[in-house]
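Worksheet: the structure to be examined is printed underneath.
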Amino acid sequence: MYVVESKGGAILCMIMSLIFLGTWPALLAYLERRGRLPQHTYLDYTITNLLAASFIALTLGEIGGTKPGMPNFLTQLFQAQDNWPSVLFAMAGGVALSIGNLSIQYAMALVGLSVVEVVSASITVVIGTTVNYFLDDRINKAEILFPGVGCFLIAVFLGSAVHKSNDADNSVKLKNLESKLEEEARENDIPASDERSAHRVPMDLEKANASMKEPEFGTAKFLIHLEERRSIKVLGRSIWIGLAITFFAGLCYSFFSPLFNVATNDQFHTLKKGVPHLVVYTAFFYFSVSSFAIALILNITFLYRPVLDLPKSSLNAYFEDWNGRGWALLAGLLCGFGNGLQFMGGQAAGYAAADAVQALPLVSTFWGVVAFGEYRKSSRKTYILLSSMLLMFILAVAVLMASSGQRKSLSSN
263 MYVVESKGGA ILCMIMSLIF LGTWPALLAY LERRGRLPQH TYLDYTITNL
313 LAASFIALTL GEIGGTKPGM PNFLTQLFQA QDNWPSVLFA MAGGVALSIG
363 NLSIQYAMAL VGLSVVEVVS ASITVVIGTT VNYFLDDRIN KAEILFPGVG
413 CFLIAVFLGS AVHKSNDADN SVKLKNLESK LEEEARENDI PASDERSAHR
463 VPMDLEKANA SMKEPEFGTA KFLIHLEERR SIKVLGRSIW IGLAITFFAG
513 LCYSFFSPLF NVATNDQFHT LKKGVPHLVV YTAFFYFSVS SFAIALILNI
563 TFLYRPVLDL PKSSLNAYFE DWNGRGWALL AGLLCGFGNG LQFMGGQAAG
613 YAAADAVQAL PLVSTFWGVV AFGEYRKSSR KTYILLSSML LMFILAVAVL
663 MASSGQRKSL SSN
């Protein structure tokens, strides 16, 4: 079994995990903006997510011989040992992560990829990293770790302010375009509708946008064009719905890493004497199986009982929907490998320091701005808030990585 034991190897795992975990949400956001139902996308995603975990366990978990107190993956999987307490902790972590990932798929549509990732990741660090610090017997430098946690907390508030400011900017853009169209209607003696709203998409705006196939990023016509294509309609919804879902996702994320930590290190001493701890690969396999199971249950339910006014679907419709399926499958692979690398690094350097992969919003924000045109043509206030949020995030991640420690012994109970 391959084991990461050096601080350098752990940091390399974190960097690779950061890239993978920062990219997969952008793929889900891309498919939603193309009109694919999120239930269909997540069902594809969760299949390859499980396959990635199985591949890691069957390869890295089987390399080399069994070490003292650290059996290979298959050996531990089929060994008749009373390690169910640790298995249940791992599976609980998988449930928490799956619900969190499912939630941000909807939050990204309502709030935007960049803000959702920053806020949810910051909440994860503020709560989850603090818990991991104590679970890991304080192997991370507290005088460095907790100032970093404070920086993440500031990023949460900045993220909320960015979304609120950007929502106000979009309202102004739509209102200005609506006023312009009404003025043109009056000049041409065309009656305008009595009831207008800056947050809704009037018929005149739809007609105005119909003639432009690819409106410029950041314009009102771009917002309307995007609204017509996407599966989750967002114009006119309260900003607090998206932020509430984002905060809920962050709370879910806060629990999955500490639960995995307990599953592999048994800080509560639930295992009988002589029973080896779950190795990372076995814990990750159980973690991913439970994540797959809860995702399957929830998404099949959402097919027939959708949320956020989405249209109903069915299993037949899902199997026949090949539009963007390849991207959804790729997203599952990236997330699966990213989580595996995070756990491998955390087992070596401490799970509190491994939470530095929550810097994934830096990658997601890149995709959000470059690929999706988020925050284009926004106000100076929004740009200042966005820049402050990202700078605070960079500082927080650097401080968190600097707090890395090294576990005294990976092979002992």
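Following the numbering used here, the numbering of the sequence shown begins with 263 at its first residue and continues without gaps.
Each residue gets a CB set at the ideal place from its N, CA and C atoms; glycine is no exception.
Note that the coordinates shown come from a computational prediction; the quantities given were computed from them, not determined experimentally.
Closest option to methionine 370, judged by alpha-carbon separation, among Arg295, Leu350, Asn585, Asn438: Arg295. Straight across, the Cα-Cα distance linking isoleucine 507 with glycine 536 is about 43 Å. Only residues of its own chain outside the window of five on either side were considered, and among them Ala319, Gly323, Phe335 have a CB closer than 6 Å to the CB of tyrosine 543, listed in chain order. Under the 8 Å Cβ criterion, the stretch 635-652 counts as touching the stretch 425-435, having at least three qualifying pairs. Cα atoms of methionine 606 and lysine 483: separation of roughly 46 Å, rounded to the nearest angstrom. In the DSSP annotation of this structure, tyrosine 637 is not part of any alpha helix (DSSP H), being labelled neither H nor E. If you look at asparagine 578, you'll find it in the alpha helix (DSSP H) that goes 577-582. With a threshold of 16 other beta carbon atoms within 10 Å, arginine 642 falls short and is exposed. In its chain, beyond the 5 residues on either side, Ser384, Val388 have a beta carbon closer than 8 Å to the beta carbon of leucine 415.
Taking the CA atoms as reference points, tyrosine 292 sits about 14 Å from glycine 594. Between alanine 288 and serine 626, the C-beta gap is smaller than 8 Å, which places the two residues in contact.
Using a Cβ distance threshold of 8 Å, alanine 352 and phenylalanine 510 do not count as a contacting pair. When only Cα atoms are considered, glycine 600 and isoleucine 273 end up about 13 Å apart. Counting along the chain, serine 348 sits inside the alpha helix (DSSP H) bounded by residues 346-373.
In the DSSP assignment, serine 550 falls within the alpha helix (DSSP H) that extends over 542-566.
The DSSP-derived three-state label of proline 409 is helix. In the same chain as aspartate 344, and ignoring 5 residues on each side of it, the C-beta atoms closer than 8 Å to its own belong to Leu533, Lys534, Val537, in chain order.
Here the alpha carbon of lysine 435 sits roughly 19 Å from the alpha carbon of alanine 423. The Cβ-Cβ distance between glycine 412 and serine 552 does not fall below 8 Å. Here tryptophan 589 is buried. Its C-beta has 16 or more other C-beta atoms within 10 Å. In terms of CA proximity to leucine 577, Thr563 leads the group Thr563, Arg587, Val569. For isoleucine 494, there is no enclosing alpha helix (DSSP H), as DSSP marks it with neither H nor E. For a cut-off of 8 Å, the C-beta gap from arginine 298 to glycine 586 is around 5 Å, short enough to register as a contact. In the three-state DSSP reduction, histidine 531 falls in the coil class, being neither helix nor strand. With a beta-carbon spacing of about 5 Å, leucine 540 and serine 348 fall inside the 8 Å limit used to define contacts. In this model, methionine 654 and tryptophan 346 are separated by some 41 Å (Cα to Cα). Contact check for glycine 421 against valine 381 passes: the beta carbons are separated by less than 8 Å. DSSP places glutamine 301 inside the alpha helix (DSSP H), whose first and last residues are 300-321.
For arginine 295, the three-state secondary structure derived from DSSP is helix.
Residue environment for proline 333: buried (at least 16 other C-beta atoms within 10 angstroms of its C-beta). Straight across, the Cα-Cα distance linking phenylalanine 628 with valine 377 is about 12 Å. Assigned with DSSP and collapsed to three states, lysine 643 falls in helix. Asparagine 363 sits buried, since 16 or more C-beta atoms from the chains shown fall within 10 Å of its C-beta. When secondary structure is reduced to three states using DSSP, aspartate 431 falls in the helix class.
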